[in-house]
């Protein structure tokens, strides 16, 4: 299918009534057809109201019906994969192979949530039976399960046109939890968004669930996007993007008459710590591999490694030399949008001019307005600790090598860092003692700690944490990838002395859904 | 022991350096000895800094050592029970029997968290093993456990001088999670706070854990209390109290350079729905029992039932008559503080003068400035829905009977209500159909749904939810009572390809702590 310029509101293809946008080919800035129009306040509000109207029937539907919805969505997306990848390649400049893999990740994610729904642990079912003879008073029967919070607005990201976009992790997690979703699509890939939204809309139609559980709108973020966050029907918000935009949504949500949570995944520089013994055995190899992670997708990953910390010495010098060579040889690449490229160049220039850094390597100058190229700079640990602005994310392929004078100073650098999505350690066996001193610092800093690998690449597994302390996210207790991502959209409700016939099936005595439950303080597996 | 005027900072009895406060006998307003002095910024900041310094050793200590700490605290509190209850009775006017029961609840709560720690499910351990041969790339080994967020400030409540105060649910949950605690004691019971803080301090000393994990300060809330919330060492805040004070802390925490969560339990009117068949069989009995719940502790419960909804008819009339008689016969009671009493009388007068209500009953006029007495008013469902101010909590023993014209209008009243801690239904078997329509509305409104009982009385069990949608709390995903209260102070960290020797024991392959874990998507019970 080819995009037509439509958004989708509760099952209907709808054309916007506000500003016009186009996808663009980032390689040369060409505007792509068709034109898309933004939703004004009325259309966006209609999507929120349809979501609210669909909420009760959606959450009353069986877990199995919800799981089927997610599988149908995966099937429908696979059915349009080639067209979607082709369009996404045009709109983002990302390679076809990467995009094809990203579709597989997106559909795999939908199916993983379906399996998680059937497993049932997400319901958080707990039962504490009555103690009729307790003194001084009877203890009542108390049972708990988790219920969906209500309609969720998802702000799609620019950098993953499938996995963090219309049918990405946030949408999958919210639908899995039983929350209707209104997606605010990202302007960087409107055609891709339409193709995916049409697929999800077909899945909703085939599922027999109410059409209002899914809408996708194009909208101006600072005006109509914020109105969506402030719409009384909306109960939670998920966002992936810049710190400034994320904080604006957090602030808008907090100042509502009824405040709601915003789960914003914002910014990180994902430090990499190179411990000395590992450096001494593989400095050149690490320098090349690091540069691969740095320049992947033109550096446009939330988990892009922007800081490398090592202890001064021949190992670190060899690492820097290898990275210098690889960076210098790296090709400029089109960035996702002209705006992102402009912002990248501003950040790159600011970093290059920073009095505390020296430039190690710069790749060839980019070809056009929308292109970016890699840059590597270096500074001392003392300068880094004294210059918090060196920790600001430059979204793209720049990194700072921080040279510590000692192991203690390397630990001080770690302590000086703000919250991160990831922290990576390269360590050989003789580095274990230093690594064990570093780990507790990293646990406070980051949501995910990686050994002898690179932070780019986030597995969609039950144990994944794609989150972390502020400013990496607005809520360090949550993740936006992996099955725990559902927890953001669920809240517990306790039932005290409610007759069995009126209890939700999750906590009925006979356990008709065969759920794992915590009964009188003991875990009971599914029968 | 008798109170000496001391607060406790990291093991040391310390006397404040700012404003003077006294406990008062609420029966007659007499100031009790000794005087207590507030902590100025320096002392409060020192408590936060000692908490931060103690955090790493505390979280590195074994689960068993933490469980022992909680048990030692329970033992030490029991050892001073009589003195503590006597002082609390003087300072709050609450009956000795009720206070003795509250101490038992408080120590039981500490021991329940100790048992929960040993069970280990709270660690949220998950393992997804490596898939070395996965195509197109190896899947790494990923493991997750939850870690404590950091030092927590607990704002003690006025109305439960033990269970929601110095060593109450918030303190127990935070210490159980591995977070050092700085308690901001409530001015309503400083002597009780000193006695309990001394007991907890002895427990910390006996536990071998660092003294900085527990401090208790007296402080002016709007100045030094807010400074504590804004102290860089503090990672989370727990609060029980008024909506205005809670929202002020939420706002202070959100505007920090690094925002932190505030778990504020604020206000609720805890509606009670009387379904017609149950009314027809037991109206008079319900009227008397309702009044018992309404006037318990002078109505100073977070779960006090402030709204009763029924369908007009002889049953509701008999209920109202019985409640009128019981309210009229109820004795005035001293309230916790003069300020609470003043605020109660203002609220009572506002409600009595509200054009939409008629007074059903008023108890005898109170004897002194600090006393309150019960009042019951009534209104129609239409007036109630049109008057959101009738939902405002009046902290004390007032309630509104809302008369619906039909079952549908009773449901409309439920839909019009803001977030609540509890919602109660009185229903007989023939009411099941109406109850089943009411339940989904209550699930969206409240954290706990009670059948054929009364909301006052919160069991400390694993399935308890003492929480609910705004404005009942600032985070509907959480509870401040029951073992899930720990979740507020934990965040997940993922470990990717971390060598077994460096992994925390919770996710080591051999499962040395015998934890229940989610391994490759399947629950594994403790071995």
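Chains as they are written, first to last, in my numbering: chain A, 1 to 527; chain B, 1 to 527.
Don't be surprised by glycine CBs; every beta carbon is placed ideally from N, CA and C.
For residue i, which beta-bridge partners are listed by DSSP?
i, result
"residue 262(A)", "237(A)"
"residue 31(B)", "24(B)"
"residue 113(A)", "Paired residues: none, contrary to the question."
"residue 38(B)", "According to DSSP, residue 38(B) bridges with nothing at all."
"residue 9(A)", "12(A) and 215(A)"
"residue 490(B)", "148(B)"
"residue 272(B)", "308(B) and 424(B)"
"residue 128(B)", "142(B)"
"residue 524(A)", "517(A)"
"residue 155(B)", "184(B) and 239(B)"
"residue 334(B)", "371(B)"
Mind reading off the beta-carbon distance from residue i to residue j? Whole number of angstroms is fine, and I expect it under 8 Å.
i, j, result
"residue 66(B)", "residue 176(B)", "7 Å"
"residue 309(A)", "residue 377(A)", "Going by Cβ atoms, the distance from residue 309(A) to residue 377(A) rounds to 13 Å, so no, they are not a contact pair."
"residue 165(B)", "residue 193(B)", "7 Å"
"residue 96(B)", "residue 77(B)", "The pair is not a contact, with the Cβ atoms about 16 Å apart (cut-off 8 Å)."
"residue 438(B)", "residue 273(B)", "6 Å"
"residue 341(A)", "residue 369(A)", "6 Å"
"residue 529(A)", "residue 420(A)", "Chain A is shown only over 1 to 527; residue 529(A) falls outside these bounds and no answer can be derived."
"residue 259(B)", "residue 470(A)", "6 Å"
"residue 34(A)", "residue 63(A)", "With a Cβ gap of about 39 Å, residue 34(A) and residue 63(A) do not count as contacting."
"residue 74(A)", "residue 32(A)", "No, residue 74(A) and residue 32(A) are not in contact; Cβ-Cβ is about 27 Å, not under 8 Å."
"residue 27(B)", "residue 334(B)", "5 Å"
"residue 169(A)", "residue 481(A)", "5 Å"
Nearest to residue i by CA position, among the options, is which residue?
i, options, result
"residue 262(A)", "453(B), 2(B), 325(B) and 477(B)", "477(B)"
"residue 394(A)", "294(A), 474(A), 482(A) and 467(A)", "294(A)"
"residue 38(B)", "119(B), 187(B) and 103(B)", "187(B)"
"residue 355(B)", "517(B), 102(B) and 383(B)", "383(B)"
"residue 71(A)", "93(A), 92(A), 112(A) and 50(A)", "112(A)"
"residue 40(A)", "7(A), 29(A), 214(A) and 28(A)", "7(A)"
"residue 564(B)", "50(B), 459(B) and 424(B)", "Absent from the structure is residue 564(B), since the part of chain B shown begins at 1 and ends at 527."
"residue 123(B)", "148(B), 358(B), 109(B) and 258(B)", "148(B)"
"residue 373(B)", "358(B), 56(B), 344(B) and 357(B)", "344(B)"
"residue 253(B)", "225(B), 280(B) and 266(B)", "225(B)"
"residue 196(B)", "2(B), 210(B) and 459(B)", "2(B)"
"residue 223(B)", "433(B), 520(B) and 42(B)", "42(B)"
"residue 319(B)", "297(B), 277(B) and 347(B)", "277(B)"
"residue 245(A)", "391(A), 445(A), 237(A) and 266(A)", "266(A)"
"residue 430(B)", "11(A), 460(A) and 499(A)", "499(A)"
"residue 257(A)", "257(B), 256(B) and 247(B)", "247(B)"
"residue 10(B)", "297(B), 216(B), 521(B) and 250(B)", "216(B)"
"residue 474(A)", "461(A), 334(A) and 446(A)", "446(A)"
"residue 61(A)", "502(A), 304(A) and 210(A)", "210(A)"
"residue 138(A)", "379(B), 171(B), 459(B) and 114(B)", "459(B)"
"residue 457(B)", "12(B), 45(B), 427(B) and 101(B)", "101(B)"
"residue 563(B)", "371(B), 281(B), 333(B) and 379(B)", "The shown model of chain B, from 1 to 527, leaves out residue 563(B), and the question about it has no answer."
"residue 411(A)", "390(A), 389(A), 18(A) and 443(A)", "443(A)"
"residue 288(A)", "323(A), 296(A) and 282(A)", "323(A)"
List, in order along the chain, the chain C residues whose C-beta lies closer than 7 Å to that of residue i?
i, result
"residue 495(A)", "Structure shown: chain C not included; protein chains present are A and B."
For this session: Entirely within the segment 288-319 of chain B and at least 3 residues each: give me those beta strand (DSSP E) ranges in chain order.
Result: 307-311
For this session: Tell me the start and end of each unbroken alpha helix (DSSP H) in the segment 340-426 of chain B that is at least 4 residues and wholly inside, in chain order.
Result: List check, alpha helix (DSSP H) in window: 381-386 and 407-416.
Problem set entry | the segment 357-369 of chain A touching the segment 326-334 of chain A, judged by at least three CB pairs closer than 8 Å | yes
Exercise. Can you find at least 3 beta carbon pairs, one from the segment 225-235 of chain B and one from the segment 74-83 of chain B, that sit closer than 8 Å?
Worked result: no
Problem set entry | Touching by the beta-carbon criterion (3+ pairs, under 8 Å), the segment 440-458 of chain A and the segment 497-516 of chain A | no
For this session: Kindly confirm or deny that the segment 304-321 of chain B and the segment 400-412 of chain B touch, where touching means at least three C-beta pairs closer than 8 Å.
Result: yes
Exercise. For the segment 514-521 of chain A against the segment 109-126 of chain A, are there 3 or more C-beta pairs whose distance is under 8 Å?
Worked result: yes
For this session: Taking 8 Å as the threshold, find out whether the segment 217-230 of chain A comes into contact with the segment 145-156 of chain A through three or more Cβ pairs.
Result: Judged by Cβ distances under 8 Å, the segment 217-230 of chain A makes contact with the segment 145-156 of chain A, as three or more pairs qualify.
Exercise. Below 8 Å, can you find three or more Cβ-Cβ pairs linking the segment 494-504 of chain A to the segment 125-143 of chain A?
Worked result: Contact holds: three or more Cβ-Cβ distances are below 8 Å.
Problem set entry | contact_flag[the segment 46-60 of chain B, the segment 167-181 of chain B] where n(CB pairs < 8 Å) is 3 or more | yes
For this session: Scan the segment 433-506 of chain A and note each continuous beta strand (DSSP E) run of 3 residues or more that stays entirely inside, going in chain order.
Result: Here the runs fully enclosed are 446-451 and 490-496.
For this session: Could you pull out every unbroken alpha helix (DSSP H) segment of at least 4 residues lying fully inside the segment 40-87 of chain B, listed in chain order?
Result: Under the rule that a run must span 4 or more residues, the alpha helix (DSSP H) segments found entirely inside the segment 40-87 of chain B read 41-60 and 63-79.
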